[in-house]
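Line by line, the protein sequences are chains A and V. Numbered according to numbering that gives the first Met the number 0, the first sequence spans residues 0 to 308. Numbered according to numbering that gives the first Met the number 0, the second sequence spans residues 0 to 308. The beta carbon of each residue, even a glycine, is placed where N, CA and C say it ideally should be. Please read all numbers here as calculations on a predicted model, not as lab measurements. So the structure is just underneath, and the comments pick up after that.
There are 2 protein chains.
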Amino acid sequence: MVFSFRQLEYFVAAGESGSVTRAAAGSHSSQPTVSAAIAKLERALGVQLFVRHHAQGLSLTPEGRRFLAEAKTLLRHASEVERFATTLSDEVAGTLDLACLVTLAPLVTPSLVREFRATHPRVSVELVESHQQGLLDRLRGGLSSVALTYDLQLPGEITFEPLADLPPHALVAADHRLALRKRVSLEELAREPHILLDLPTSREYFMSLFAEAGVEPNIAIRSEHPETIRTLVANGFGYAIVNARPRSDTALDGGRVVTLPLRGPVRPMRLGLASLRGIRETRTVTAFKEHCRSAITPSGVPGMLSPEE
Amino acid sequence: MVFSFRQLEYFVAAGESGSVTRAAAGSHSSQPTVSAAIAKLERALGVQLFVRHHAQGLSLTPEGRRFLAEAKTLLRHASEVERFATTLSDEVAGTLDLACLVTLAPLVTPSLVREFRATHPRVSVELVESHQQGLLDRLRGGLSSVALTYDLQLPGEITFEPLADLPPHALVAADHRLALRKRVSLEELAREPHILLDLPTSREYFMSLFAEAGVEPNIAIRSEHPETIRTLVANGFGYAIVNARPRSDTALDGGRVVTLPLRGPVRPMRLGLASLRGIRETRTVTAFKEHCRSAITPSGVPGMLSPEE
DNA sequence: GCACTGCATCGTCAAATACGCTGCAAGCCG
DNA sequence: CGGCTTGCAGCGTATTTGACGATGCAGTGC
Chain A
0 MVFSFRQLEY FVAAGESGSV TRAAAGSHSS QPTVSAAIAK LERALGVQLF
50 VRHHAQGLSL TPEGRRFLAE AKTLLRHASE VERFATTLSD EVAGTLDLAC
100 LVTLAPLVTP SLVREFRATH PRVSVELVES HQQGLLDRLR GGLSSVALTY
150 DLQLPGEITF EPLADLPPHA LVAADHRLAL RKRVSLEELA REPHILLDLP
200 TSREYFMSLF AEAGVEPNIA IRSEHPETIR TLVANGFGYA IVNARPRSDT
250 ALDGGRVVTL PLRGPVRPMR LGLASLRGIR ETRTVTAFKE HCRSAITPSG
300 VPGMLSPEE
Chain V
0 MVFSFRQLEY FVAAGESGSV TRAAAGSHSS QPTVSAAIAK LERALGVQLF
50 VRHHAQGLSL TPEGRRFLAE AKTLLRHASE VERFATTLSD EVAGTLDLAC
100 LVTLAPLVTP SLVREFRATH PRVSVELVES HQQGLLDRLR GGLSSVALTY
150 DLQLPGEITF EPLADLPPHA LVAADHRLAL RKRVSLEELA REPHILLDLP
200 TSREYFMSLF AEAGVEPNIA IRSEHPETIR TLVANGFGYA IVNARPRSDT
250 ALDGGRVVTL PLRGPVRPMR LGLASLRGIR ETRTVTAFKE HCRSAITPSG
300 VPGMLSPEE
């Protein structure tokens, strides 16, 4: 660019006031500074912008008058861009780039987002669902600002704020022979056919539960889709391990399922907010995190059964 | 403005290439320079634009991605303004701000402007007519770039390039008693009723002709409008002095007039181009002046009778 | 484990920008 | 008509900005 914003500002001020001196006063600058800036601008553009009058200021040339109009719209555009940029981080507005673990998304995001937008109507939410590895990649790649997920396999550059613990449950069909039990042990389950939610990192978590109990599951079917798992269970293909327990006991095909707590010491999943360390977060993200803190608590997560249910 | 064009350019280059190093290479700059510029931009806007990856470049944050789009349109706008500015003086295009003496305008400007625009179709002409004082004020005030006029009362800051001499003639009705004379003296005319074109500076010129001849005109009527003078003459109210002689011998009401050369030493009017001294003229103005030089010569002025006619 | 990559930081230096002072030319006024 | 005022341009100088090479440092990848 052959000119600077400063030069344009001085030029506009001088052009509108018809005086270098008045322009300098209005721009909190000195007369020689404005004079030199305008002279330099004229040289850079190769255009005579002003007619100088001795002892009585300046007049715009025809070219100066036309350039003045263009310069003003350019400066207005620039200050709009500046305003836009500050709005990006200083106001609860614009777009919230939210990511959520696929297994959690259909349960927690509907009410969470609805209530957030009710208090902050100027925010629109762009929601992406993925498995844990995908979420971390999105955070690292700057594609999402914050992720609602479990504290699984979190590398050092990711910060995590836990909000609620979700202990694992066995998911069985309502007419399963274990369905009426108060609780069930992993040893008992190991004899049943296992339906595995086969997603990166969640897979490793499920396997670690069995490993700590010293038994090995009998994996019958794998699927990447939580709803498929649930429907398979409802149809009596076997049992699954789940941490997120929907309020509904019905699978997509109308079959019924029930959840049973696991007996013994089982590490719960920790639901919380993940984001990239060392990033100056926008006010929109701050507001969303705050909203999550009040909406998601150890005694209740939106869309899920509460711990005692 | 909290940011500079340079900062935006570096930011856009880094955002599009995903690398400070590549951005620096593409911007003919060094890596630390670009790095510092981006850091400063982020601080100024209060927005985190990039996620830094160790040993593998940068990713834009969601906010950075949105700001990138705005920055690019602003830079495009700026380069359009820059292009517009250079076009103002470097190309024969845009608007020619032309001023012309009111008595000359209807004679010379139609063909002059028509032919000029035929060779330079991208130029539009803004023509203003005024008396000599008005023309000088327009030039000084930067309202017009060049004036077609006489070399009357020209102050030092006005340059004048003469193109043709126009000796004064007596204008009388076709049925006037002097109408058939080959030439006429100011002494003879002084006895007739004089119809004065009463405009600043042209008035003084006419009076000076009589003063130098040692006689005093008998002023019967004054008018500021050349066509009124001409029609008054055609109706036998008296005679007038004119330098610009239209090709037509008819006044607006259909009456006929004739022009007679003046006897003795009379100072002619000098028709030419006036502009403000010390102004860098645009290529459009240069082209117009050049066109005038070829179209207006001592042996002929467009729209006027030639010297021998 | 070790070389490599790539951004950030440091110190230095040149250029741009700022300012006060002064000069100059023309208008203004008694 | 001379002296005063006005207002822009130029000069010299100080400060800030921007540029660069060298270096540091953290993480990748063979």
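Query	Result
If you reduce the DSSP assignment to three classes, tell me which class V:G299 lands in.	strand
If you check the beta carbons only, do A:L57 and A:A13 fall under 9 Å apart?	yes
To the nearest angstrom, report how far apart A:S247 and A:S184 are at their CA atoms.	24 Å
Of all the CB atoms in chain A, is at least one closer than 9 Å to the CB of V:A62?	Reading the sequence as shown, one finds Glu at residue 62 of chain V and not Ala. True, the Cβ-Cβ gap to chain A drops below 9 Å.
Once you ignore the five residues that flank A:R229 on each side, which residues in its own chain have a CB closer than 6 Å to its CB?	A250
So with CB distances below 7 Å, who are the chain A contacts of V:F66?	A84, L87
Could you work out which residues of chain V lie near A:E47, taking near to mean beta carbons separated by less than 7 Å?	The amino acid occupying residue 47 of chain A in the given sequence is Gln; Glu does not appear at that position. Within 7 Å Cβ-Cβ: I278, R279.
On a Cα-Cα basis, can you pick out the residue from V:E187, V:G155, V:D197, V:R82 that is closest to V:H130?	V:D197
My parser needs the beta strand (DSSP E) runs of 3 or more residues fully inside the segment 220-303 of chain V; what are they?	239-241, 256-260, 268-275
Tell me A:A98's beta-bridge partners as DSSP assigns them.	A:V127, A:A146
Which two residues bound the contiguous beta strand (DSSP E) that contains V:V91?	Taken as a continuous stretch (DSSP letters only), V:V91 belongs to no beta strand (DSSP E), as it is neither H nor E.
I'd like to check one pair, V:Y149 with V:S110: are the Cβ atoms closer than 9 Å?	no
Using a Cβ cut-off of 9 Å (strictly closer), state whether A:L126 contacts chain V.	no
Please determine, among V:A219, V:V214, V:T281, V:V241, the residue with the shortest C-alpha to C-alpha distance to V:E226.	V:V241
With a threshold of 9 Å between beta-carbons, can A:E8 be considered close to chain V, or not?	yes
Is it buried or exposed for A:A98, if we count other Cβ within 10 angstroms and need 16 for buried?	buried
What residue range is occupied by the uninterrupted alpha helix (DSSP H) comprising V:P120?	Neither: V:P120 is in no alpha helix (DSSP H) and is coded neither H nor E.
How far does the alpha helix (DSSP H) with V:F209 in it reach, from first residue to last?	201-212
So, are the CB atoms of A:P161 and A:L208 less than 9 Å apart?	no
Between which two residues does the alpha helix (DSSP H) holding A:P31 run?	30-44
Check V:A77 in the structure and name its three-state DSSP category.	helix
Quick check: is the beta carbon of A:S16 nearer than 9 Å to any beta carbon in chain V?	no
In the structure shown, what three-state DSSP assignment does V:D136 receive?	helix
How about the segment 30-47 of chain A and the segment 2-9 of chain A: do they share at least three Cβ pairs that are nearer than 8 Å?	yes
Taking the alpha carbon of A:P301 as the reference point, which residue from A:G237, A:G155, A:T86, A:R113 has its own alpha carbon closest?	A:R113
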